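**Student:** Using the working numbering, the letters of the sequence shown map in sequence onto residues 3 to 170.
Note that the Cβ used here is the ideal one computed from N, Cα and C, for glycine as well.
Values in this document were obtained by computation on a predicted structure and should not be read as measured data.
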Amino acid sequence: MDLHPGEEIVFEGHPSWRGVLSFYVKGLGIALAVGLILFFAISTGAGVGAFAAIMVVVILAGLVKRMATRYVISTERLNIRTGILSKHVQQTSIDRVQNVNTEQTFLDRLLRVGAVDFDTAGTDDSEFTFRGVSNPAAIVAAVDRAQRMHRREVQAEQPGGTIGGTGL
Numbered sequence: 003m004d005l006h007p008g009e010e011i012v013f014e015g016h017p018s019w020r021g022v023l024s025f026y027v028k029g030l031g032i033a034l035a036v037g038l039i040l041f042f043a044i045s046t047g048a049g050v051g052a053f054a055a056i057m058v059v060v061i062l063a064g065l066v067k068r069m070a071t072r073y074v075i076s077t078e079r080l081n082i083r084t085g086i087l088s089k090h091v092q093q094t095s096i097d098r099v100q101n102v103n104t105e106q107t108f109l110d111r112l113l114r115v116g117a118v119d120f121d122t123a124g125t126d127d128s129e130f131t132f133r134g135v136s137n138p139a140a141i142v143a144a145v146d147r148a149q150r151m152h153r154r155e156v157q158a159e160q161p162g163g164t165i166g167g168t169g170l
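(1) Grab the span of the beta strand (DSSP E) containing R133 for me, first residue to last.
(2) Relative to the C-alpha of T113, which residue among A70, R83, G21 and N103 is closest?
(3) Note down the Cα distance separating G15 from P161, rounded to an integer number of angstroms.
(4) Enumerated in chain order, which unbroken segments of the alpha helix (DSSP H) with a length of 4 residues or greater are wholly contained in the stretch 49 to 81?
(5) Measuring CB to CB, does T185 end up less than 8 Å from V99?
(6) Looking at V12 and I75, is the spacing between their C-beta atoms short of 8 Å?
(7) Assign P17 to one of two classes, buried (16 or more other C-beta atoms within 10 Å of its C-beta) or exposed (fewer than that).
(8) Can you tell me whether E78 is buried or exposed, with buried defined as 16 or more other CB within 10 angstroms of its CB?
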């Protein structure tokens, strides 16, 4: 993300490795099921080979999924970038963020990860969520800090450096 003049990064990161664990557990379940089916239907070698091949794919896919997702909060914008070969970027202005909600399932709480969902002005149809982040409360605090910094910058640019030029 190219920063604008005067823009500062408040938070930058990827989903936590703990946030990808549920993906790995599901992959393990699929690998076990396929491995057991082939173990009993064909041979021991086919079952073990299928299990190993599926687990390698799951581990690599989880790693790529995690590293190919980047979350950035700056004093002006929220940014989500995903992808390696192709890229998808979601971005919104920090002053458009109206509500910030966190969600943690029981498993998320055990793994100390969660999702932070941002409600933005005028965008009911798009989902803007940081998924699998460690310490969701710190993300909420970073957005609050970015919004306060943005408001100070806007106030400083106004004539007299006051809110609406009223001296307040």
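**Tutor:** Short version:
(1) T131 to S136
(2) The sequence given here has Leu at residue 113, not Thr. Checked all of A70, R83, G21 and N103; the closest Cα to L113 is G21.
(3) 36 Å
(4) none
(5) The shown model of the chain, from 3 to 170, leaves out residue 185, and the question about it has no answer.
(6) yes
(7) It counts as buried.
(8) buried
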